[in-house]
Amino acid sequence: MAERVTIAQVAEEAGVSAMTVSNVMNGKPGASEETRRRVTEVAARLGYRPNVAARNLKAGRTGLVGLIALDLTTQYGLEILRGVAEELAGAERELLVNATYQDAVREIERIEFLARGLVDGVLMIAPVLEDQAVELLRRRNLPCVIIDPRRLDVPLPRLSVDNYHGMRLGTQHLIDLGHTRIAYIRGEEDLESTSLRFQGFRDAMRLAGLGVDERLVAECDFSYTCGFRTASRLIADHRPTAIVAGADLMALGAIDAARAHGLDVPTDFSVVGFDDLPQAAQSFPGLTTVRQPLHDMGQKAARALLSLIDGQQLLMDHMQVPTDLVVRNSTAPPPGSARTTAERSMRGPAPRDGLRA
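The C-terminal position of the sequence shown is numbered 356 in numbering that gives the first Met the number 0, with every residue numbered one higher than the one before it.
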């Protein structure tokens, strides 16, 4: 096994001091561009790698970052985690992952465990975050960034998406297609994102001169099963021509509910989701949805946490990421509209045996 190249060997080869090599490899100022180039080239040629463990020990750090997620059984949490992991890998940090599954007591226990000097900071994805947990984080002075907080007034650095504008975009898309009987499936009531998305839906309808029929509004958790069950009831009882769902899994359930009622998506019935999970592009038809950039959210939150760990001040405590609409094949003009009739005449008669072109 080859011996580890030392900083002294790099210094000797480059003709500089060991302190200069250390400063260059750690990105500190003081060396000229020529010196930096020479040191970097020598380090690469000799195969020098900084001793990360020693560097962390000297700085009084562990090199570990904790992540406490609400749930890691869905693509939502996994996509954010993927972004976090990639950003931390680039910074030579290791990740310690926990999941609480909406258990507030377990969440506090995990914070207490990590705050015993085990990690340099912690990221939390959609946590319960009761007052006791917030107080514990602040009392232990543990750097923390909250991703997708349940409430936006939490007194900690936090990152969310523009839920309101995103849902207005999704609803306006259906209105522009000619839909007027649009049902809405809300998410869990205790989340501020649920309220913001619903307000975006309401405002889009109001500004289009359409009232919101409260019979077409239902509440659901963020699961496929609940989306299927809730959409089935709305379709059977009130016959909307489209559904907007507060999450992709609910929207995918709504697509299958429409099929179960003999409706084709999107010819007879349109569906819009919110998230843009990988399943949204893989489903048939592809789901039109509001994209929240989950991977980018993870990266941005990780960068913010690393800044806090390094003693830097964030420019703002609330970081907001924009959303945008991704139009796929689950939306079309409502049946019987002028646009639908024109499109069907261009396609010609429907094929026999129940098959569609």
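Even glycine gets a Cβ: it sits at the ideal position worked out from N, Cα and C.
- The alpha-carbon separation between arginine 201 and cysteine 225 amounts to approximately 22 angstroms.
- Assignment of glycine 297 by DSSP, reduced to helix, strand and coil, places it in the helix class.
- Approximately 7 angstroms separates the beta-carbon atoms of leucine 136 and leucine 155; this is inside 8 angstroms, confirming the contact.
- When only Cα atoms are considered, valine 270 and alanine 114 end up about 44 angstroms apart.
- Listed in chain order, the non-local C-beta contacts of aspartate 255 below 6 angstroms within the same chain comprise Phe227, local neighbours out to five positions each way being set aside.
- The beta carbon of valine 4 sits closer than 7 angstroms to those of Leu45, Gly46, Tyr47, all from its chain and outside the five residues before and after it, given in chain order.
- Within 10 angstroms of the beta-carbon of valine 121 lie 16 or more other beta-carbons, which makes it buried.
- Annotation: methionine 24 to leucine 176 spans about 57 angstroms, alpha carbon to alpha carbon.
- DSSP places cysteine 143 in the strand class (E or B) of the three-state scheme.
- For leucine 94, the closest of Val64, Ile79, Met318 by C-alpha to C-alpha distance is Val64.
- For serine 192, the CB contacts under 6 angstroms within the same chain, skipping 5 residues up- and downstream, are Asn162 in chain order.
- Distance check between phenylalanine 273 and each of Pro321, Ala250, Ala88 places Ala250 closest, using alpha-carbon atoms only.
- Phenylalanine 268 sits in coil when the DSSP states are folded into three classes, being neither helix nor strand.
- The residue from Asp236, Leu71, Ala230 with its alpha-carbon nearest to that of arginine 258 is Ala230.
- Contact annotation: alanine 246 and glycine 186 have beta-carbon atoms nearer than 8 angstroms.
- In this structure, histidine 172 lies away from threonine 322, with their beta-carbon atoms at least 8 angstroms apart.
- The beta-bridge partner set that DSSP reports for glutamine 319 consists of Ser159.
- Under DSSP, the beta-bridge partners assigned to glycine 120 are Val64.
- Fewer than three pairs of CB atoms, one per stretch, sit closer than 8 angstroms, so the region 210-219 makes no contact with the region 302-309.
- For threonine 73, there is no enclosing alpha helix (DSSP H), since its DSSP letter is neither H nor E.
- Excluding its 5 nearest sequence neighbours in each direction, cysteine 143 has C-beta neighbours in its own chain below 6 angstroms: Val121, Leu136, Leu155, listed in chain order.
- For valine 9, the three-state secondary structure derived from DSSP is helix.
- Valine 243 is positioned such that its CB atom lies no closer than 8 angstroms to that of isoleucine 174.
- Here the C-alpha atom of glutamine 101 lies approximately 12 angstroms from the C-alpha atom of aspartate 189.
- Rounded to the nearest angstrom, the Cβ distance from tyrosine 223 to leucine 262 is 18 angstroms, too far for a contact under 8 angstroms.
- Listed in chain order, the non-local C-beta contacts of glutamine 319 below 8 angstroms within the same chain comprise Leu158, Ser159, Val160, Asp161, local neighbours out to five positions each way being set aside.
- Annotation for valine 96: no alpha helix (DSSP H) segment contains it, though the beta strand (DSSP E) segment containing it runs 93-98.
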